[in-house]
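Peer 1: Got a structure here, written out as structure tokens. Questions coming.
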Amino acid sequence: MTKKHIFYSLLAIGFSIQVSAQESAAYTNDLVDYQRALTLYNNQQYLAAQAVFNSIQKDTDELNIKSDCAFYIANCAVRLNQQNADKLIEEFVEDYPTSTKRNTAFVDVADYYFQNGKYAHAQKWYAKVDERALGRNDRETYYFNNGYASFTTKNYKDAKKYLNKVQTSQKYGSQAKYYIGFMAYEGDDYNEANAYFDQVSDKEEYKEKLSYYQADLNFKLGKFEKAIELAKAQLKSGDRNEVSELSKIIGESYFNLEQYDEAIPYLNEYRGKKGKWNNTDYYQLGYAYYKQKEYDKAISEFNKIVGGDNSVAQNAYYHLGESYVSVDKKQEALNAFRNASQMDYDLKIQEDAWLNYAKISYEIGNPYQSVPQVLTSYLEAYPKSKYTTEIETLLIDSYITSKNYKEALILLKGKNSFEHKVAYQKVAFYRGLELYNENNYQEAQGLFEASLREQQNEMFTARATFWKAETEYNLSNYDNALIGFKQFQQQPSASTTEEFKNLDYNLAYTYFKLKNYPQAINTFNQFVNSKSKDNVRLNDAYLRLADAYFVSSQYNKAIATYEKAIQVGKIEADYAFFQQAISYGYIGEEDKKITELVRFISKYTDSKLRDDAMYALGNAYVKNNQTDKALAIYDRLIADYKTSTFVSKALLRQGLVYYNGNNNQQALTKFKKVAGSFPNSPEANQAVSTARLIYIDLGQVNEYAAWVQTLDYVEVTDADLDNATYEAAEKQFLDNNINNAIKQFNVYINQFPQGLHAKQAHFYLAQLYFKKDLKETAKPHFEYVVNSSQSEFTEEALLRLSQIILETKKWSEAIPVLQRLDVEANFPQNSLFAQSNLMQANYQLKKYNEAVNYAEKVLSNTNLDNKVKSDAQVIIARSAMQTGNETKAKEAYEKVELTATGETAAEALYYNAYFKNKAGKHEASNVVIQRLAKDYSGYKYYGAKGLVIMAKNFNALGDAFQATYILESVIKNFADYKEVVAEAQEELSKIKTEQAKTNASVQPED
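Numbering-wise (full-length UniProt numbering), the sequence shown opens with residue 1 and increments by one.
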């Protein structure tokens, strides 16, 4: 029996003696039951005791017994964990406020909860105790228990209050000091903690517990040698978790003592909190490796610091950048320095990081912003830097090396120093060249003129002069082009330029366009005699030289020169052969002409000139009186080339052969066919005129009149007025009086909508509107020509009409016009134009197979410049990507990369990186993206997509910092490209979720 229980028994006995003296036998029976209940209580039979106490309380009228029973009923409820236990205690206190057991009840219940580890409940009841009513020993227990309960519930204020009262207690003093010391430790009051821990360090039960805390305290007090000593002493006896924490203390202590080689093994032994390190942990180990010049290992730790934004992170990223530089990984260094430069926790580190970021940007390019922007921003941020002169030099050079000429022009605007003017001249020139290669001749011309206004560098003055002349040529301003080429020829530095070697070729072409054939002949001869190694240009020069001889009636020279073109054999061999054959006719060798035309028809079965050859051969047969052969070849032409412009001519010729041979009915059949199928054409007019003669010869004038009435375009009575009105308009056209010509052609069309010259009038009017850039006004007139019968105007009208429609991007409307142009074109360049745009139009309409078919047609042409080649390969590549054929796409993009310029080249480089990433060639993929950033920084879309690929590469290479930093930069800097940002966000979420598994400083993305 405990002392407490003996006390209760004695109390009960004393009470019974008093009752015996005063009460009856009935009360004595209550006392016996009370004693039995108390015995059950003391024997911990709380439920039985509670039942008896309840019974006594109901039956007795004695207040003291009722009070004691209420006390024990509540106590039993506490020990039985009954739900109403607290309520019973409170009711006891309220119902019996003068009971001597009131304070005892509070203490007893509080002690019970304390002993059962229910410290929050214990605190509640200790708060109700009147400590003045307690004896000394009970008071010490009360203080300690209350203090300890407050300590366990982290109510350190109350804990200190009560534990401080038992510091000197023999029983509780050591425990109290330990807990007070621990609270000081938790509150970062390391001196106070150390003082308390020292007071109990000789106690055996605390030695093991205190070893870690004392080591940590000394570390936190900056007593690193002592911390190392204490932690090392405890290492052997500590459990796994303690060994990890002690290793961290030793490692960090060595780190702070700058003994990095000693720190590394201990820092590596640390296992983190709950298995996770944080950014500071990675920084310390990384920096230790950095100081030991173990840069690869330093990088491995620094780059695990993901999303850091504090002084530790800034320092880490700066040293990460230096580590990357030391192992020659400049792209990675660029990102690290950029990140450090964007934080201002340490201004010196920020400035140094900025400088390194700027220099590396200049060296390798920058995927986030143009290099001139980076360098300009540095100079603005640090105008008094000792590196100002160096960065200014790099800035001026960067305008050229960055190749982002469009933005460079903006940055150079208003800068008037000599160096900036030199840079402006070059940048304006290169931007003009970009626009020229995009066929934007008007804007290109303006840039070349701007370059020429800053004549600081002779070579660029010469080159800008040349390309301005070339632009004038492409704008059909041949007089200005000629002046420009001659000015270039006179420039002091012209002969040192790449353009100079082809100057004669350009001059000769310009003379040819101006119909100055003697000068064209001289200059083409100069070019072909220069032994040019450019066989395509040489071939073309021979062709145009031969053409010049031909139009100058120097047919023997034309024949010899066409033969030279055929021998070079790079382009248009069929054209040279055909022209050669025709030339034989002009020097009286009709048999040779016929032989060569027959050979041509047999040899060049796919030539666009085959129908020309058949028609010319038929005419030659007629001239040689071989009319049967003539009729046969005309029939073959009509059957094989139903849409040829020569069909109407061949039919007319057949009619004339029959007419001259007195086969009048057969002649009429042919003439009527021409008149009915080709209304308004010159052939139709001649057919009607000749048929009129036949009808007159046959005496069938009425039949003629009836037939003519079926032809709504023949108005015999108005013929003279028709011709006069048309000729008036045509004269204005030939005199280049554009506005008057437009007016007169409109007058003619209004007066004679089905006139004899309606087709010509519509065509010339359309051309005039087109030249004035009134393309929508020109469109219906070109449509009239296209929808009329075949003529010499059809091909040009198809070309112009397709150009007008293509400008409005009405792909479906453009396709049938382009298809006709492809089939009907006599000039190879027009057929090529049609095929190129058919592939584009079908691609835009998502008809990928058709797009590829036309692209392959384009590539089958031998005379292709690099831009057309790359455009065709890009269509094949893009279509292959759209249809999931990445193998074909990869092959096509590889070909694009060989010849492309500008945005197409940027696209090809992006896919080069994309396919290398998919093949697991991550480092090689990053090299390609670096090139994309350096050489094509102006094409932001592919730059942004390339960065996402780069992030994936770095993630695969285990460099989480680079991966996350790049993706965050994409999200921040490329908001215009929503699909790219969405991909970056998705990839960033994956990486951060993975990194959060091992790095406590990283929060997984939602």
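Beta carbons are placed, not taken as given, at the ideal position from N, Cα and C, and that holds for glycine.
By the 10 Å Cβ neighbour count, where 16 or more other Cβ atoms means buried, how is Thr964 classified, buried or exposed?
Peer 2: Position 964 of the sequence shown, counting from 1, holds the residue named residue 964. With 16 or more Cβ atoms within 10 Å of its Cβ, Thr964 is classed as buried.
Peer 1: Measure from the alpha carbon of Ser326 to the alpha carbon of each residue in Asp296, Lys348, Val306, Val312, then state which is nearest.
Peer 2: Translated into positions along the sequence shown, residue 326 becomes position 326. Selected option, being the one with the closest Cα: Asp296.
Peer 1: Run through DSSP, which three-state label would Lys160 get?
Peer 2: Sequence index remark: in the sequence shown, residue 160 carries index 160 (1-based). Lys160 falls in the helix class under three-state DSSP.
Peer 1: Please return the same chain residues whose Cβ sits closer than 6 Å to the Cβ of Gly187, not counting the five positions on each side in sequence.
Peer 2: Counting from one through the sequence shown, the residue named residue 187 turns up at place 187. So the list is empty, once near-sequence residues are dropped.
Peer 1: Measuring straight from C-alpha to C-alpha, what distance separates Leu320 and Val306?
Peer 2: In the sequence shown, residue 320 corresponds to position 320, counting from 1. In the sequence shown, residue 306 corresponds to position 306, counting from 1. Each residue's Cα considered, the two are about 12 Å apart.
Peer 1: Asn146 to Gln170, Cα distance in whole Å?
Peer 2: Sequence index remark: in the sequence shown, residue 146 carries index 146 (1-based). Sequence index remark: in the sequence shown, residue 170 carries index 170 (1-based). Roughly 17 Å separates the two Cα atoms.
Peer 1: Can you give me the start and stop residues for the alpha helix (DSSP H) that Asn740 sits inside?
Peer 2: Walking along the sequence shown from the start, residue 740 turns up at place 740. Counting along the chain, the alpha helix (DSSP H) containing Asn740 begins and ends at 738-751.
Peer 1: Buried or exposed, going by whether 16 or more other CB atoms sit within 10 Å of the CB of Leu10?
Peer 2: Along the sequence shown, one-based indexing puts residue 10 at 10. Legend: pLDDT at Leu10 = 36, less than 50; position of this residue unreliable, value from coordinates given subsequently. Classification for Leu10: exposed.
Peer 1: Just the Cα atoms here: how many angstroms apart are Ala464 and Ser602?
Peer 2: Numbered from its first residue, the sequence shown carries residue 464 at position 464. Numbered from its first residue, the sequence shown carries residue 602 at position 602. In a straight line, the C-alpha of Ala464 is about 48 Å away from that of Ser602.
Peer 1: Between which two residues does the alpha helix (DSSP H) carrying Ser789 extend?
Peer 2: Position 789 of the sequence shown holds residue 789. Ser789 -> no alpha helix (DSSP H), and no H or E assigned at all.
Peer 1: Can you name the residues that DSSP bridges to Asn999?
Peer 2: Walking along the sequence shown from the start, residue 999 turns up at place 999. Answer is Trp277, bridged to Asn999.
Peer 1: As a quick exercise: from Glu407, Thr808, Phe466, Gly432, pick the residue whose alpha carbon is nearest that of Pro492.
Peer 2: Here the question's residue 492 lines up with position 492 in the sequence shown. The candidate whose alpha carbon is nearest that of Pro492 is Phe466.
Peer 1: Please name the residue, chosen from Arg931, Ile742, Asn43, Lys128, that lies closest to Thr725 on a Cα-to-Cα basis.
Peer 2: Sequence index remark: in the sequence shown, residue 725 carries index 725 (1-based). Residue Ile742 is the option with its Cα nearest to Thr725.
Peer 1: How is Arg689 classed by DSSP in three states: helix, strand or coil?
Peer 2: Sequence index remark: in the sequence shown, residue 689 carries index 689 (1-based). With the sequence shown as reference, residue 689 is identified as Ser, and Arg is not the correct amino acid for it. The answer is helix: DSSP assigns Ser689 an H, G or I state.
Peer 1: Where are the beta strand (DSSP E) runs, 3 residues long or more, that stay fully inside the region 888-955, in chain order?
Peer 2: DSSP runs (the beta strand (DSSP E)) wholly in the region 888-955: none.
Peer 1: Using 8 Å for Cβ pairs, my map puts residue 1049 next to Ala469. What's the rounded Cβ distance?
Peer 2: What the structure shows of the chain is the stretch from 1 to 1006, and residue 1049 is not part of that stretch, so it cannot be assessed.
Peer 1: Assuming the contact rule is C-beta atoms closer than 8 Å, Asp612 and Phe578 should be a hit. Round their C-beta distance to whole Å, please.
Peer 2: As a first step, residue 612 is located in the sequence shown; it is residue number 612 there, counting from the start. As a first step, residue 578 is located in the sequence shown; it is residue number 578 there, counting from the start. About 7 Å separates the two Cβ atoms, so the contact holds.
Peer 1: Would you call the CB atoms of Gln754 and Gln744 closer than 8 Å?
Peer 2: The residue given as residue 754 occupies position 754 in the sequence shown. The residue given as residue 744 occupies position 744 in the sequence shown. Not a contact, by the Cβ cut-off of 8 Å.
Peer 1: Out of Phe550, Leu957, Ile971, which one is the CA nearest neighbour of Ala944?
Peer 2: Mapped onto the sequence shown, residue 944 falls at position 944. Answer by Cα proximity: Ile971.
Peer 1: Under the three-state reduction of DSSP, which class applies to Tyr726: helix, strand or coil?
Peer 2: Taking the sequence shown and counting its residues from 1, the one referred to as residue 726 is at position 726. Helix, per DSSP.
Peer 1: Judging by CA-CA distance, which residue of Lys386, Leu80, Lys58, Ser552 is the nearest neighbour of Tyr517?
Peer 2: Here the question's residue 517 lines up with position 517 in the sequence shown. Measuring from the Cα of Tyr517, the nearest candidate turns out to be Ser552.
Peer 1: CB of Lys592 to nearest heavy atom of the ligand GTP: below 7 Å?
Peer 2: Within the structure as shown, the ligand GTP is missing, as the structure has no ligands at all.
Peer 1: Are the beta-carbon atoms belonging to Ala565 and Ala581 less than 8 Å from one another?
Peer 2: In the sequence shown, residue 565 corresponds to position 565, counting from 1. In the sequence shown, residue 581 corresponds to position 581, counting from 1. Result no, Cβ atoms of Ala565 and Ala581 do not sit closer than 8 Å.
Peer 1: Between the region 64-80 and the region 104-112, do three or more beta carbon pairs fall short of 8 Å?
Peer 2: Because the criterion of three Cβ pairs below 8 Å is met, the region 64-80 and the region 104-112 touch.
Peer 1: Please report how far the alpha carbon of Gln985 lies from the alpha carbon of Lys890, in whole angstroms.
Peer 2: In the sequence shown, residue 985 corresponds to position 985, counting from 1. In the sequence shown, residue 890 corresponds to position 890, counting from 1. Spanning the two alpha carbons is a distance of roughly 27 Å.
Peer 1: To the nearest angstrom, how far is it from the Cα of Ala37 to the Cα of Val93?
Peer 2: Taking the sequence shown and counting its residues from 1, the one referred to as residue 37 is at position 37. Taking the sequence shown and counting its residues from 1, the one referred to as residue 93 is at position 93. Answer to the nearest angstrom: the Cα atoms are 21 Å apart.
Peer 1: Kindly indicate which three-state DSSP category Leu47 falls into: helix, strand or coil?
Peer 2: Along the sequence shown, one-based indexing puts residue 47 at 47. Helix, per DSSP.
Peer 1: I'd like the span of the alpha helix (DSSP H) that includes Lys87, first residue to last.
Peer 2: As a working note, residue 87 is residue 87 in the sequence shown. Start and end: 85-95.
Peer 1: Is Thr471 helix, strand or coil when you go by DSSP?
Peer 2: If you number the sequence shown from 1, residue 471 lands on position 471. Three-state DSSP puts Thr471 in a helix.
Peer 1: What did DSSP end up calling Phe827 once you bin it into helix, strand or coil?
Peer 2: Your numbering for residue 827 matches position 827 in the sequence shown. Phe827: coil per DSSP, three-state reduction.
Peer 1: Alpha carbon to alpha carbon, what distance is there between Lys87 and Tyr8?
Peer 2: In the sequence shown, residue 8 corresponds to position 8, counting from 1. In the sequence shown, residue 87 corresponds to position 87, counting from 1. The predicted model places Tyr8 with a pLDDT of 37, which falls under 50 and marks its position as unreliable, so this point remains unresolved.
Peer 1: What three-state label does DSSP hand Gly588 in the structure shown?
Peer 2: Position 588 of the sequence shown holds residue 588. The answer is coil: DSSP assigns Gly588 none of H, G, I, E or B.
Peer 1: In whole angstroms, give me the CA-to-CA distance for Ile694 and Lys670.
Peer 2: One-based indexing of the sequence shown puts residue 694 at position 694. One-based indexing of the sequence shown puts residue 670 at position 670. Between Ile694 and Lys670, the C-alpha separation is close to 12 Å.
Peer 1: Let me know if Lys274 comes out buried or exposed under the rule of 16 or more other beta-carbons within 10 Å of its beta-carbon.
Peer 2: Locating residue 274 in the sequence shown gives position 274, where the first residue counts as 1. So Lys274 ends up on the exposed side.
Peer 1: Would DSSP call Met343 helix, strand or coil?
Peer 2: Numbered from 1 along the sequence shown, position 343 holds the residue referred to as residue 343. Correct three-state label for Met343: coil.
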